[in-house]
Amino acid sequence: MATTSVTKTKKTTKTKKRKTRTNKKKLVIVESPAKAKTIQKYLGSTYKVVASKGHVRDLPKSRMGVDIGDDFKPDYISIRGKGDVIKMLKSEAKKSKMIYLASDPDREGEAIAWHVSHVLNLDVNDQNRVVFNEITKDTVKDAFKHPRTIDMNLVDAQQARRVLDRLVGYSISPLLWKKVKKGLSAGRVQSVALWLVIDRERQIRKFEPEEYWTIDSEFKSGRSKFKASFYGLNGKKTKLANNDDVQKVLKKIDSKGDFDVNKVTKKERRRQPNPPFTTSTLQQDANRKLNFKTGRTMMAAQQLYEGINIGKEGSQGLITYMRTDSTRISSIAKHEAATFLHEKYGAEYSANKPIKGKMPEGAQDAHEAVRPTSVHRTPASIKQYLSKDQYKLYNLIWSRFVASQMTPAIMDTETVTIEQNGVTYRANGSKMKFEGFLKVYSNGKEKDNILPDLNRGDTVKLAKNNPDQHFTQPPARYTEANLIKTLEENGVGRPSTYSPTLGTIQKRYYVKLVGKRFEPTELGEIVNKIIEEYFPDIVNVDFTADVEGKLDEIEEAKEKWVEVVDHFYQPFSKEVDHAEKLMEDVQIKDELAGFNCEICGAPMVVKMGKYGKFYACSRFPDCRNTQAIVKEIGVTCPKCKKGQVIERKTKKNRLFYGCSRYPECDFVSWDKPIGRDCPKCGHFLVEKKVRGGMQVICPNGDYKEDIQK
1 MATTSVTKTK
11 KTTKTKKRKT
21 RTNKKKLVIV
31 ESPAKAKTIQ
41 KYLGSTYKVV
51 ASKGHVRDLP
61 KSRMGVDIGD
71 DFKPDYISIR
81 GKGDVIKMLK
91 SEAKKSKMIY
101 LASDPDREGE
111 AIAWHVSHVL
121 NLDVNDQNRV
131 VFNEITKDTV
141 KDAFKHPRTI
151 DMNLVDAQQA
161 RRVLDRLVGY
171 SISPLLWKKV
181 KKGLSAGRVQ
191 SVALWLVIDR
201 ERQIRKFEPE
211 EYWTIDSEFK
221 SGRSKFKASF
231 YGLNGKKTKL
241 ANNDDVQKVL
251 KKIDSKGDFD
261 VNKVTKKERR
271 RQPNPPFTTS
281 TLQQDANRKL
291 NFKTGRTMMA
301 AQQLYEGINI
311 GKEGSQGLIT
321 YMRTDSTRIS
331 SIAKHEAATF
341 LHEKYGAEYS
351 ANKPIKGKMP
361 EGAQDAHEAV
371 RPTSVHRTPA
381 SIKQYLSKDQ
391 YKLYNLIWSR
401 FVASQMTPAI
411 MDTETVTIEQ
421 NGVTYRANGS
431 KMKFEGFLKV
441 YSNGKEKDNI
451 LPDLNRGDTV
461 KLAKNNPDQH
471 FTQPPARYTE
481 ANLIKTLEEN
491 GVGRPSTYSP
501 TLGTIQKRYY
511 VKLVGKRFEP
521 TELGEIVNKI
531 IEEYFPDIVN
541 VDFTADVEGK
551 LDEIEEAKEK
561 WVEVVDHFYQ
571 PFSKEVDHAE
581 KLMEDVQIKD
591 ELAGFNCEIC
601 GAPMVVKMGK
611 YGKFYACSRF
621 PDCRNTQAIV
631 KEIGVTCPKC
641 KKGQVIERKT
651 KKNRLFYGCS
661 RYPECDFVSW
671 DKPIGRDCPK
681 CGHFLVEKKV
691 RGGMQVICPN
701 GDYKEDIQK
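Each residue of the sequence shown is one higher than the one before, starting from 1 at the first, in the UniProt record's numbering.
Encoded structure:
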């Protein structure tokens with residue numbers, strides 16, 4: 001009887017072990033908890049999806065971390081604060097029967113997978129790497145049917161970039177700390193971005209305006225009026241350089257006589273839609289149309305890609321991978337778009353051969369363009385589930401993609417040439433014939449400009465001449481959109497680098513945004529001057545673009561990463577040695593503020609800090625009194641009637657206006673008060689930027705005044 005009992009116990013133990021082994025799950029490791037949640041839903045209970053929360057290993061912050069003498073071997077260490085995550089990953093790995101690495105499908109994602117595999121002691125030759133361009137059920141499930149090994153070419157390209165950036169940053173930055181001030185930094189791509197901003201500022205400073213004139217006149221044909229502009233004399237285009245030139249033209253005109261219609265040209269113009277978004281064009285359009293900074297754009301895009309809970313459907317990835325330089329669209333997505341357009345708008349709106357975008361030089365074309373994962377998820381249908389930023393960006397991406405699959409807009413255009421005594425005017429008219437893609441996506445309201453029905457040989461009368469003086473304008477400072485476009489056109493940086501690059505040069509206070517445009521700071525100009533003098537290749541656009549090209553060749557297995565880094569480092573190290581010997585200390589002299597410290601009585605001075613200039617006691621560090629530098633706008637506080645309205649800035653560097661008596665008076669305004677009250681309700685008036693200029697408005701009502709330029 002006892003023997004039977006022992007036998008049963010052994011059988012029970014074996015059964016439990018068998019069940020435990022059978023119940024082991026397949027572990028999937030991604031970067032973010034949101035992505036993990038969405039993928040878990042698709043894969044079901046036989047999988048467990050966890051997040052590494054980004055990189056788990058990196059170069060140390062406290063030292064170079066690159067062994068130059070040993071083929072630039074990186075010394076990777078576990079990232080501080082990631083101990084619990086690594087412990088969790090190891091624990092889950094031990095309990096799993098299979099491990100999949102499903103980080104993002106780019107160099108950075110491949111490097112994260114490689115670092116995770118190292119931490120978990122996985123074999124790099126295991127077929128455990130899973131990639132997908134969009135987080136939808138079918139795409140994700142299909143990806144797990146085709147796992148591959150970690151692509152070491154992608155890893156090496158990322159390593160090369162990381163090592164190059166470390167060599168530049170940790171070689172130049174200590175020089176800047178020593179010779180200028182602590183807290184400064186230099187980087188391979190950020191230095192080019194800073195140089196572009198400063199080079200544009202130099203062009204503006206050197207610019208000399210030139211005078212020119214135009215004559216925009218009004219003509220009558222029967223009861224109809226239309227506008228035409230002076231074109232030239234005796235059939236030749238003529239420039240009007242000054243008022244004398246204008247007067248010579250006006251003397252030739254008989255204001256009461258007829259003008260002859262010499263030529264009428266009618267054409268049909270087709271306007272093609274833009275291709276779907278790449279990372280760069282998405283950031284540019286979001287900046288222009290939504291006033292989003294690049295960081296804000298990429299944060300919302302990441303959320304849309306990783307998955308949003310949209311009611312009955314649960315968590316769904318709403319857009320494809322948002323880091324791409326390709327305008328390519330899958331055949332499935334094209335077919336789905338064509339079906340949608342036929343059903344929603346009609347066959348005439350669906351293009352037989354949708355527009356193909358021109359790929360930027362050096363584009364990898366590794367992923368599709370940024371597009372919605374399902375065109376049937378219209379922005380309106382899921383608006384209730386999205387935040388304001390998510391909705392605005394999704395609407396932009398959806399509209400651009402749908403428009404890219406649509407037919408061109410067709411305009412009827414007309415050019416009329418009228419003449420009298422050898423003086424030629426031209427009038428241009430246009431009328432929308434077929435909306436095409438503009439039904440879904442446009443850069444603004446398309447206005448018709450319809451001319452009267454005119455034919456050659458007709459005559460018209462001059463109603464009014466409007467000569468106007470102008471001056472040529474200097475090149476405009478860069479907006480975020482313009483700067484990204486310029487970096488991309490010059491092959492500097494890649495989709496993943498634009499946002500952090502622009503963030504860094506602002507964070508270091510090398511540039512500041514004034515009216516949505518970049519202006520260099522004094523500190524930025526000092527740093528740029530040093531780098532230009534001692535490290536000219538670092539700010540050379542062509543040189544930096546060539547390095548980017550070499551990184552691409554590493555990814556394509558055409559170059560070895562150690563050789564690329566060595567080719568860069570040999571001349572660079574000589575420049576570092578040269579700078580250490582010859583670079584002189586740069587004194588950022590303190591200016592006297594003109595008043596004394598309220599604590600100790602010593603003179604106050606103006607100092608340069610991390611976020612700009614500020615007042616500080618000259619006895620620092622014995623006296624640590626500091627004050628913000630405020631700018632009065634010449635308006636008495638409309639609330640307390642005692643203090644002055646001054647410019648202030650938020651922690652995020654956004655300008656607002658407040659009372660100088662704060663905290664006694666808590667008056668604040670985002671818009672600039674002008675010192676007058678509304679004639680309707682008595683509320684204070686403010687200046688507000690509007691499309692095309694500025695207006696004086698009443699924040700409390702509908703009173704408005706246009707500000708004349």
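No residue lacks a Cβ here, since even glycine has one placed at the ideal position from N, Cα and C. Since we're looking at a predicted model, the values are computed, not measured.
Exercise. What residues match up with residue 747 in a beta bridge as DSSP calls it?
Worked result: Nothing in the structure corresponds to residue 747, since the chain is present only between 1 and 709.
Exercise. My guess is that residue 710 and Thr424 are in contact by the Cβ rule of under 8 Å, so how many angstroms apart are they, rounded?
Worked result: There is simply no residue 710 to check, as the chain begins at 1 and stops at 709 in what is shown.
Exercise. Between which two residues does the alpha helix (DSSP H) containing Ser399 stretch?
Worked result: Where Ser399 is concerned, the enclosing alpha helix (DSSP H) starts and stops at 388 to 404.
Problem set entry | Local conformation of Val375 per DSSP, three classes | Of the three classes helix, strand and coil, the one that applies to Val375 here is coil, per DSSP.
Exercise. Between the stretch 465 to 483 and the stretch 510 to 526, do at least 3 Cβ pairs fall closer than 8 Å?
Worked result: With a cut-off of 8 Å, the stretch 510 to 526 and the stretch 465 to 483 count as touching, because enough Cβ pairs lie within range.
Exercise. For Asn455, which option in Gln469, Leu167, Ala427, Asn243 has the closest C-alpha, if you only look at C-alpha atoms?
Worked result: Relative to the Cα of Asn455, the nearest Cα in the group Gln469, Leu167, Ala427, Asn243 belongs to Ala427.
Exercise. From Asp84, Lys25, Asp67, pick the residue whose C-alpha is nearest to that of Cys53; which is it?
Worked result: In the sequence on display, residue 53 carries Lys and not Cys. The residue with the shortest Cα to Cα distance from Lys53 is Asp84.
For this session: Can you tell me which of the three DSSP states Gly362 falls into?
Result: Interpretation of Gly362 is limited by its pLDDT of 46, a score under 50 that renders its predicted location unreliable; the figure taken from the coordinates is listed afterwards. If DSSP states are grouped into helix, strand and coil, Gly362 belongs with coil.
Problem set entry | Residue-level contact to chain C via CB, Ile86, 8 Å cutoff | Among the protein chains of the structure shown there is no chain C, as only one such chain exists.
Problem set entry | Three-state class that DSSP yields for His115 in the structure shown | Helix, per DSSP.
Exercise. Going by Cα to Cα distance, which pick from Ala36, Ala228, Pro520 is closest to Thr417?
Worked result: Of Ala36, Ala228, Pro520, the residue nearest in Cα terms is Ala228.
For this session: Evaluate Arg63 with the Cβ neighbour count: other Cβ atoms within 10 Å of its Cβ, from every protein chain shown; 16 or more gives buried, anything less gives exposed.
Result: Residue burial annotation: Arg63 is exposed, with fewer than 16 other C-beta atoms found within 10 angstroms of its C-beta.
Exercise. How big is the Cα-Cα spacing for Tyr615 and Gly183?
Worked result: Taking the straight line joining both Cα atoms gives about 19 Å.
For this session: Could I get the ranges of all uninterrupted alpha helix (DSSP H) runs contained in the stretch 449 to 516, with 4 residues as the minimum, in chain order?
Result: Within the stretch 449 to 516, complete alpha helix (DSSP H) segments of at least 4 residues are found at 480 to 489, 498 to 507, given in chain order.
For this session: Flag this pair as yes or no: are the beta carbons of Lys649 and Arg661 separated by less than 8 Å?
Result: Not a contact, by the Cβ cut-off of 8 Å.
For this session: Give the DSSP bridge partners of Pro673, in chain order.
Result: For Pro673, the beta-bridge partners assigned by DSSP are Val686.
Problem set entry | Three-state secondary structure assigned by DSSP to Thr297 | In the structure shown, Thr297 sits in a helix (DSSP, three-state: H, G or I).
For this session: Spatial neighbours of Ile599 within its chain, please: CB distance less than 8 Å, with the 5 preceding and 5 following residues excluded, ordered by chain position.
Result: Correct list, in chain order: Cys617, Cys623, Asn625.
Exercise. Just the Cα atoms here: how many angstroms apart are Thr407 and Lys392?
Worked result: If I take the Cα positions, the gap works out to 24 Å.
Exercise. Is the CB-CB distance between Asn528 and Ile198 below 8 Å?
Worked result: Remark: C-beta atoms of Asn528 and Ile198 approach each other more closely than 8 Å.
Problem set entry | Residue nearest to Asp156 in terms of C-alpha spacing, selected from Lys550, Lys82, Cys698, Pro638 | Minimum Cα distance to Asp156 is reached at Lys550.
Exercise. Should Phe72 be labelled buried (16 or more other beta-carbon atoms within 10 Å of its own) or exposed?
Worked result: Under this definition Phe72 is a buried residue.
Exercise. Pick from Ser117, Lys82, Trp561: whose alpha carbon is nearest that of Ile99?
Worked result: Comparing C-alpha distances from Ile99 to each of Ser117, Lys82, Trp561 shows the shortest one belongs to Ser117.
Exercise. Nearest to Glu580 by alpha carbon, out of Ala602, Ile530, Pro520, Met299?
Worked result: Residue Ile530 is the option with its Cα nearest to Glu580.
Exercise. Taking C-alpha atoms, which residue in Leu176, Thr297, Gly314 lies nearest to Gly524?
Worked result: Nearest to Gly524 by C-alpha distance, out of Leu176, Thr297, Gly314, is Leu176.
Problem set entry | Cβ neighbour criterion (16 or more within 10 Å) applied to Cys698 | Of the residues assessed, Cys698 falls on the buried side of the cut-off, its CB having 16 or more other CB atoms within 10 angstroms.
Problem set entry | Option in Thr320, Ala93, Phe434, Pro452 with minimal Cα separation from Val50 | Per the C-alpha coordinates, the member of Thr320, Ala93, Phe434, Pro452 positioned closest to Val50 is Ala93.
For this session: Provide the residue span of the alpha helix (DSSP H) that contains Ser221, from first to last.
Result: Per DSSP, Ser221 is not a residue of any alpha helix (DSSP H); the beta strand (DSSP E) it occupies stretches across 211 to 221.
Exercise. How many angstroms separate the CA atom of Ile319 from the CA atom of Thr497?
Worked result: If I take the Cα positions, the gap works out to 20 Å.
Problem set entry | Cβ-Cβ separation, Phe226 to Leu451 (assumed contact under 8 Å), whole Å | Right, their Cβ atoms sit about 5 Å apart.
Exercise. By DSSP, does Phe543 sit in helix, in strand, or in coil?
Worked result: For Phe543, the three-state secondary structure derived from DSSP is helix.
Exercise. Which same chain residues, not among the five before or five after Ala286, have their C-beta less than 6 Å away from its C-beta?
Worked result: Phe292, Thr297.
Exercise. For Gly257, which residues of its own chain have a beta-carbon under 7 Å away from its beta-carbon, when the five flanking residues on both sides are left out?
Worked result: Cβ neighbours of Gly257 beyond the five flanking positions: Gln420.
Problem set entry | Local conformation of Glu208 per DSSP, three classes | Residue state for Glu208 is assigned as coil, using DSSP reduced to three classes.
Exercise. Touching or not, the stretch 484 to 500 and the stretch 541 to 550, by the rule of three or more beta carbon pairs under 8 Å?
Worked result: Yes, the stretch 484 to 500 touches the stretch 541 to 550.
For this session: Name the two residues that bound the continuous beta strand (DSSP E) containing Phe340.
Result: DSSP places Phe340 in no beta strand (DSSP E) but in the uninterrupted alpha helix (DSSP H) bounded by 331 to 344.
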